[in-house]
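Notes for the one structure printed next.
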Amino acid sequence: MNATILLFLLQDGITNGAIYALLGLALVLVFAVTRVILIPQGEFVTYGALTYAALASGKFPDTAQLALAMGLVAFVFDLFANRHGFNLRRTARSFAVNVVLSGAVLAATLAFAGRKNPVFVDVGLALLIVACIGLYLYRIVYQPIAHASVLTLLIASVGAHLAMQGFALVFFGAEGLRGPAISDVSFSLGALMFTGQSLGVYVITAALIVGLWLFFGYTLYGRALRATAVNRLGARLVGIRTSLSGRMAFLLAAVIGGISGILIVPITTLYYDTGFIIGLKGFVVAIIGGLVSYPITAAAAIGVGIIEAFSSFYASNYKEVIVFTLILPILVLRSLAAPEVEEEQD
Amino acid sequence: MRARLPILIFALVMAVIPFVPDIPPFWLVLLNNIGLAALVAMGLVLLTGVGGLTSFGQAAFCGFGAYTTAVITTAYGLSPWLTLPLSLLVSGLAAVILGLMTVRLSGHYLPLGTLAWGLALYYLFSKLEFLGRNDGISSIPPLAIGSYRMLSAEAIYYAIWAAVIISAVLTLNLLDSRTGRAIRALRRGHIAAEAFGVQTARAKLLVFIYAAVLAGLSGWLYAHFQRTVNPTPFGLLASMEYLFIAVVGGAGHVWGAVLGAGVVVILKEVLQNAVPAIFNVQAQFEIIVFGIMLFVLLQVAPTGMWPRLMALWPWRAPPKAVDTDAAPLAARGKTPPADGVLLRIDGARKEFGGVVAVNDVSFEVRTNEIVALIGPNGAGKSTTFNLVTGVIKATAGHVALGGDSIDGAAPQDVVKRGVARTFQHVKLVPDMTVLENVAIGAHLRGHAGAVASMLRLDRADEARLLAEAARQIARVGLTDQMHQLAGSLSLGQQRIVEIARALCVDPVLLLLDEPAAGLRHMEKQKLAELLRSLRDGGVSVLLVEHDMGFVMDLADRIVVLDFGTRIAEGPPAEIKRNPEVIKAYLGGAA
């Protein structure tokens with residue numbers, strides 16, 4: 001192997017690693033706040049990427065309709081939850097968040113779809129749609145069982161993943177899509193070629209990591225989210241609305257997933273089920289970070305990206321085997337380092 | 001055998017189905033698929049529903065079973081019957097290797113770990129040359145008896161359903177045994193089970209292997225039914241489907257696996273054929289419906305369909321008979337220590353980070369003595385219990401039992417020496433009867449293993465364990481509640497059940513953590529009477545209790561802790577007057 005290939009593989013690994021880092025961060029965020037292991041994170045990636053690609057190619061993305069449908073269901077859930085004490089303000093707020101918002105997003109999508117829009121319009125719309133879906137997903141799937149064990153939440157996650165992946169196939173078909181690059185800038189540095197797209201990946205990842213770190217470490221709201229994670233009852237007693245924290249976490253995770261998808265869809269062709277595998281690699285890195293540490297997660301992501309790049313060069317057939325087997329010794333180490341605390345169940 | 005009558009009827013019904021005139025062959029194919037799925041799901045019931053270990057990788061074990069027979073029958077021409085033990089062995093060995101890593105994983109790391117190796121194995125199946133990569137292996141020979149080759153769905157139907165029914169009976173036998181109780185206790189955490197000698201890591205590995213072998217059996221049958229294998233049915237999606245089946249059926253119930261498999265396989269068939277026909281669309285609708293059903297079920301019926309169905313069933317199974325004539329279990333040889341000191345705690349210290357929970361505490365419990373450990377909340381009483389029973393390791397100091405050091409001994413070894421305990425927060429298995437819960441206490445006094453239990457060779461052993469449990473239940477006065485679920489008792493009664501469970505150990509030292517909490521006045525008096533009679537019968541008691549009337553009346557000696565430090569020790573009358581104790585309880589100003 002010569003130095004060029006080495007650099008090339010490193011660059012490739014770091015680009016992929018940055019995406020895994022983003023996803024890993026979102027997973028850590030959601031787990032820390034809600035104890036949900038967010039298997040559908042990969043679907044946020046797929047939805048973001050394919051919605052953007054559809055819009056950019058002048059098609060109407062059906063995800064906008066799904067957002068409205070989920071919003072309606074979420075509204076019905078809210079109505080049902082409040083059936084023993086109708087409260088006009090609460091109902092109006094629920095209607096605005098669930099129905100008006102998703103309706104407006106659908107209207108905007110209808111208005112802009114099928115035209116040649118500036119990139120930021122397509123990106124913005126795609127992110128709005130995914131954000132709505134993330135928000136309502138929490139309300140529909142997780143909020144009713146927010147008190148359940150991590151395991152129950154995980155099985156619910158599997159259900160949400162299956163349903164969302166099934167919808168992805170309905171909406172986008174079995175053929176993959178590619179989206180246009182967000183910027184056409186490119187320059188070379190020695191043998192390496194840098195595109196605006198890959199630079200975008202680095203910059204956005206770094207910005208989000210720093211942003212999350214500041215948010216959770218130094219703002220009242222971020223600390224409130226963390227408090228929810230440690231003790232739901234305690235958080236409620238000091239006036240933190242835990243369901244709101246959950247929705248915020250999901251909103252952020254969906255947007256991060258959507259951004260990741262939009263960042264990679266110009267680089268690689270995405271299929272309706274690609275997001276899942278990418279999301280699982282996000283898991284690998286999130287678990288290395290113990291589902292709690294942002295800096296370790298980010299470092300692990302780069303490491304996994306590089307290992308993946310090298311194994312796809314040397315043993316391309318076994319790339320996935322290597323990446324997913326990698327996690328086992330780490331899981332064992334993690335378990336040994338933090339022995340089980342008996343969860344008081346039921 | 002009356003309890004087995006429904007199974008016999010079910011077996012007969014299944015046996016005559018192929019003889020129904022004009023039954024479409026396709027129905028038999030569906031029934032075969034149901035049976036294959038039920039086998040895997042049955043393993044998951046044991047693993048997840050009963051043992052509390054979630055696996056997203058069961059389909060991979062089917063893969064081991066299927067590929068083993070596929071390779072050996074096609075490449076080496078061995079008879080499928082000879083590959084059956086090999087298939088089971090390979091699945092079992094894979095489970096040992098993965099299990100040694102996996103069952104050590106705690107909490108949510110465990111399902112994630114299974115997800116990871118489930119995926120890795122799927123990719124491995126689809127990349128290995130000798131497994132035929134993505135195309136797999138075809139023209140696998142059918143099962144055959146003599147010259148009769150089981151080529152049709154009808155022919156292999158009997159093989160599949162015989163496997164399902166035999167596996168179900170073996171699994172039910174296993175659950176209703178000494179080993180089964182240990183497995184059923186796993187889901188409620190390992191501390192209580194270990195306090196009675198259960199090797200929890202080994203029990204977890206056992207269910208893990210058992211579930212894998214069932215999946216391997218399903219894979220072996222699948223290979224000879226389809227007569228071709230490829231990686232797809234052994235992927236993550238299939239694993240998730242099996243978990244779905246277990247949840248739908250009722251994750252804690254063996255027959256729930258069969259019911260769930262029936263519902264899911266038929267539903268899948270309907271969704272795959274009917275929905276596209278009606279709506280004229282081609283998509284994996286069943287996946288969407290399954291996904292939505294999965295989380296909706298968790299919200300509305302987290303226990304699954306089987307328990308709901310059973311609630312409608314008008315005939316209750318008779319309570320488990322206890323053979324009171326069973327020979328009593330061997331009693332512990334009790335040789336009192338020469339110096340009369342049963343338990344000696346010498347400078348025990350436990351630090352949690354900067355907090356010193358137990359600060360160089362020393363005291364003794366002598367034979368035939370009731371010692372009370374009292375002190376305000378947070379004084380380190382329960383931590384002291386945990387140090388003695390090996391739940392946590394002391395930072396410094398020594399604990400000796402009858403002169404032998406038990407520093408660093410595992411909880412299972414401590415209980416072997418005759419130290420039994422109860423817990424401040426009751427740790428019973430709520431969905432097991434009082435009798436079964438108490439019988440866990442006698443775990444170390446039984447000998448039957450898993451295989452003996454499955455084959456019902458354990459009945460003599462089992463009868464003695466249950467008789468002992470019933471005796472101890474009678475001793476604490478709960479005979480009327482013996483067959484009720486432990487979770488349905490009042491908290492006070494549950495504490496008494498814990499005492500009965502501890503008595504089943506045939507202890508020399510009983511550690512009771514707040515035994516009188518939640519008891520009424522009369523019940524407390526009865527408890528005190530029981531403890532006195534135990535003391536006079538040669539059992540020493542160390543108890544933590546907040547009810548001062550109870551303690552002063554009962555204890556021979558009292559040790560007082562405050563902020564982890566021993567501040568006083570002596571007979572009750574002395575302790576009552578001790579200014580240090582009064583200060584600790586009432587504050588400095590009093």
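Chains as they are written, first to last, in the working numbering: chain A, 1 to 346; chain B, 1 to 590.
All C-beta atoms, glycine included, are put in the ideal place defined by N, C-alpha and C.
Owing to the predicted nature of the structure, the values given are computational and were not obtained by experimental measurement.
Measuring only the C-alpha atoms, how far is residue 181 of chain A from residue 118 of chain A? Within the first sequence, numbered from 1, the residue matching residue 181 of chain A stands at position 181. Within the first sequence, numbered from 1, the residue matching residue 118 of chain A stands at position 118. Distance between the alpha carbons of residue 181 of chain A and residue 118 of chain A is about 12 Å.
Residue 161 of chain A: contacting residues in chain B (beta-carbon distance under 9 Å): Counting from one through the first sequence, the residue named residue 161 of chain A turns up at place 161. The answer, in chain order, is 240, 291.
What is the rounded straight-line gap between the Cα of residue 345 of chain A and the Cα of residue 149 of chain A? As a first step, residue 345 of chain A must be located in the first sequence, where it is residue number 345. As a first step, residue 149 of chain A must be located in the first sequence, where it is residue number 149. Note on residue 345 of chain A: pLDDT 39, under 50, position unreliable in the model; no value is reported.
Am I right that residue 207 of chain B and residue 39 of chain B are in contact with their C-beta atoms under 8 Å? What's the rounded C-beta distance? As a working mapping, residue 207 of chain B is identified with position 207 in the second sequence. As a working mapping, residue 39 of chain B is identified with position 39 in the second sequence. That pair is no contact at about 15 Å.
Shorter than 8 Å from the beta carbon of residue 299 of chain B to some beta carbon of chain A? As a working mapping, residue 299 of chain B is identified with position 299 in the second sequence. So, interface residue.
When the Cα atoms are used, what is the spatial distance from residue 157 of chain B to residue 197 of chain B? For the purposes of this step, residue 157 of chain B is taken as the residue at position 157 of the second sequence. For the purposes of this step, residue 197 of chain B is taken as the residue at position 197 of the second sequence. Between residue 157 of chain B and residue 197 of chain B, the C-alpha separation is close to 43 Å.
Residue 346 of chain B bridges to which residues according to DSSP? For the purposes of this step, residue 346 of chain B is taken as the residue at position 346 of the second sequence. Its beta-bridge partners are B:398.
Which residue's Cα is closest to the Cα of residue 142 of chain B: B:133, B:136, B:134, B:153? Here residue 142 of chain B is taken as the residue at index 142 of the second sequence, counted from 1. Sorting B:133, B:136, B:134, B:153 by C-alpha distance to the C-alpha of residue 142 of chain B places B:153 at the top.
Quick one: which chain B residues come within Cβ less than 8 Å of residue 293 of chain A? Numbered from 1 along the first sequence, position 293 holds the residue referred to as residue 293 of chain A. Result: empty, since nearest Cβ-Cβ is about 15 Å, beyond 8 Å.
Does the region 347-354 of chain B come within contact of the region 468-486 of chain B, defined as at least 3 CB pairs closer than 8 Å? No: the two stretches stay apart, fewer than three of their Cβ pairs being nearer than 8 Å.
Would the beta-carbon of residue 44 of chain B fall within 8 Å of that of residue 172 of chain B? Taking the second sequence and counting its residues from 1, the one referred to as residue 44 of chain B is at position 44. Taking the second sequence and counting its residues from 1, the one referred to as residue 172 of chain B is at position 172. Going by C-beta atoms, residue 44 of chain B is not nearer than 8 Å to residue 172 of chain B.
If I'm right that residue 371 of chain B touches residue 555 of chain B with Cβ under 8 Å, what's the distance once you round it to whole angstroms? Residue 371 of chain B sits at position 371 when you count from the first residue of the second sequence. Residue 555 of chain B sits at position 555 when you count from the first residue of the second sequence. Yes, residue 371 of chain B and residue 555 of chain B are in contact; Cβ-Cβ is about 6 Å, under 8 Å.
Partner residues on chain A for residue 287 of chain B, Cβ-Cβ distance less than 7 Å: Within the second sequence, residue 287 of chain B is the residue found at index 287, counting from 1. Neighbours of residue 287 of chain B on chain A, chain order: 162, 165, 166.
Under 8 Å between the Cβ atoms of residue 233 of chain B and residue 122 of chain B? On the second sequence, residue 233 of chain B is found 233 positions in, with the first residue counted as 1. On the second sequence, residue 122 of chain B is found 122 positions in, with the first residue counted as 1. Cβ atoms of residue 233 of chain B and residue 122 of chain B: not closer than 8 Å.
Distance between residue 392 of chain B and residue 578 of chain B (C-alpha atoms, nearest Å): Looking up residue 578 of chain B in the second sequence gives position 578. Looking up residue 392 of chain B in the second sequence gives position 392. Roughly 31 Å between the two C-alpha positions.
Going by CA-CA distance only, name the one from B:380, B:470, B:424 that's closest to residue 517 of chain B. Working through the second sequence from its first residue, we reach residue 517 of chain B at position 517. The shortest Cα separation from residue 517 of chain B among B:380, B:470, B:424 belongs to B:424.
Quick one: give me the first and last residue of the alpha helix (DSSP H) that residue 421 of chain B is part of. Looking up residue 421 of chain B in the second sequence gives position 421. Boundaries around residue 421 of chain B are those of the beta strand (DSSP E), 419-421, since no alpha helix (DSSP H) includes it.
If you draw a straight line from the alpha carbon of residue 153 of chain A to that of residue 30 of chain A, how long is it in whole angstroms? The sequence position of residue 153 of chain A within the first sequence is 153, counting from 1. The sequence position of residue 30 of chain A within the first sequence is 30, counting from 1. The alpha-carbon atoms of residue 153 of chain A and residue 30 of chain A are separated by roughly 12 Å.
Taking 8 Å as the threshold (beta carbon to beta carbon), is residue 325 of chain A in contact with chain B? Here residue 325 of chain A refers to the residue found at position 325 when the first sequence is read from its first residue. By this cut-off, residue 325 of chain A is an interface position.
Could you tell me whether the Cβ of residue 109 of chain A comes closer than 8 Å to any Cβ of chain B? If you number the first sequence from 1, residue 109 of chain A lands on position 109. Chain B, which has no Cβ nearer than 8 Å to the Cβ of residue 109 of chain A, makes this no.
Proximity winner among B:525, B:64, B:429, B:503, relative to residue 549 of chain B (alpha-carbon distances): Against the second sequence, residue 549 of chain B aligns to sequence position 549. Nearest C-alpha to residue 549 of chain B: B:525.
Let me check understanding here. Comparing Cα to Cα, which of B:395, B:342, B:341 lies closest to residue 357 of chain B? For this step, residue 357 of chain B is matched to residue 357 along the second sequence. The shortest Cα separation from residue 357 of chain B among B:395, B:342, B:341 belongs to B:395.
If we define contact as Cβ-Cβ less than 8 Å, is residue 432 of chain B a contact residue for chain A? The count along the second sequence starts at 1 and reaches residue 432 of chain B at position 432. No, because no Cβ of chain A sits closer than 8 Å to the Cβ of residue 432 of chain B.
Would a C-beta distance cut-off of 8 Å place residue 105 of chain A and residue 64 of chain A closer than the cut-off? Taking the first sequence and counting its residues from 1, one reaches residue 105 of chain A at position 105. Taking the first sequence and counting its residues from 1, one reaches residue 64 of chain A at position 64. Yes. Within cutoff.
Using 8 Å as the limit for Cβ to Cβ distance, is residue 61 of chain A near chain B? Residue numbering aside, residue 61 of chain A sits at position 61 when the first sequence is read from its first letter. Judged by the 8 Å Cβ criterion, residue 61 of chain A is not in contact with chain B.
Near residue 341 of chain B, which residues of its chain fall below 7 Å by C-beta distance, leaving aside the five closest residues on each side in sequence? Taking the second sequence and counting its residues from 1, one reaches residue 341 of chain B at position 341. 364, 366, listed in sequence order.
Going straight from the alpha carbon of residue 46 of chain A to that of residue 161 of chain A, what length do you get? Sequence index remark: in the first sequence, residue 46 of chain A carries index 46 (1-based). Sequence index remark: in the first sequence, residue 161 of chain A carries index 161 (1-based). Roughly 12 Å between the two C-alpha positions.
Which residues bound the alpha helix (DSSP H) around residue 74 of chain A? The count along the first sequence starts at 1 and reaches residue 74 of chain A at position 74. From DSSP, the alpha helix (DSSP H) with residue 74 of chain A extends over 63-81.
Please confirm whether residue 276 of chain A and residue 165 of chain A have their CB atoms less than 8 Å apart. Indexing the first sequence from 1 puts residue 276 of chain A at position 276. Indexing the first sequence from 1 puts residue 165 of chain A at position 165. Their beta carbons are under 8 Å apart, which means residue 276 of chain A touches residue 165 of chain A by this criterion.
At a Cβ threshold of 8 Å, is residue 342 of chain A touching chain B? The sequence position of residue 342 of chain A within the first sequence is 342, counting from 1. Any reading at residue 342 of chain A is ruled out, since the residue's pLDDT is 48, under 50, leaving its predicted position unreliable.
Identify which residue in B:151, B:31, B:170, B:21 has its Cα closest to the Cα of residue 456 of chain B. As a working mapping, residue 456 of chain B is identified with position 456 in the second sequence. Answer by Cα proximity: B:170.
Span of the beta strand (DSSP E) around residue 514 of chain B: Stepping through the second sequence from its first residue, residue 514 of chain B is reached at position 514. Run containing residue 514 of chain B: none; DSSP gives neither H nor E here.
Sub-8 Å separation of residue 309 of chain A and residue 16 of chain A beta-carbons: Within the first sequence, numbered from 1, the residue matching residue 309 of chain A stands at position 309. Within the first sequence, numbered from 1, the residue matching residue 16 of chain A stands at position 16. A contact, by the Cβ cut-off of 8 Å.
With a threshold of 8 Å between beta carbons, is residue 317 of chain A in contact with chain B? Position 317 of the first sequence, counting from 1, holds the residue named residue 317 of chain A. Yes, because at least one Cβ of chain B sits closer than 8 Å to the Cβ of residue 317 of chain A.
Thinking C-alpha only, which one of A:4, A:282, A:222, A:21 is nearest residue 205 of chain A? For this step, residue 205 of chain A is matched to residue 205 along the first sequence. Nearest of A:4, A:282, A:222, A:21 to residue 205 of chain A, Cα basis: A:21.
If you count every other CB in all the chains shown that lies within 10 Å of the CB of residue 494 of chain B, and 16 or more means buried, which is it? On the second sequence, position 494 is the one that residue 494 of chain B refers to. By the neighbour-count rule (16 or more Cβ atoms within 10 Å), residue 494 of chain B is buried.
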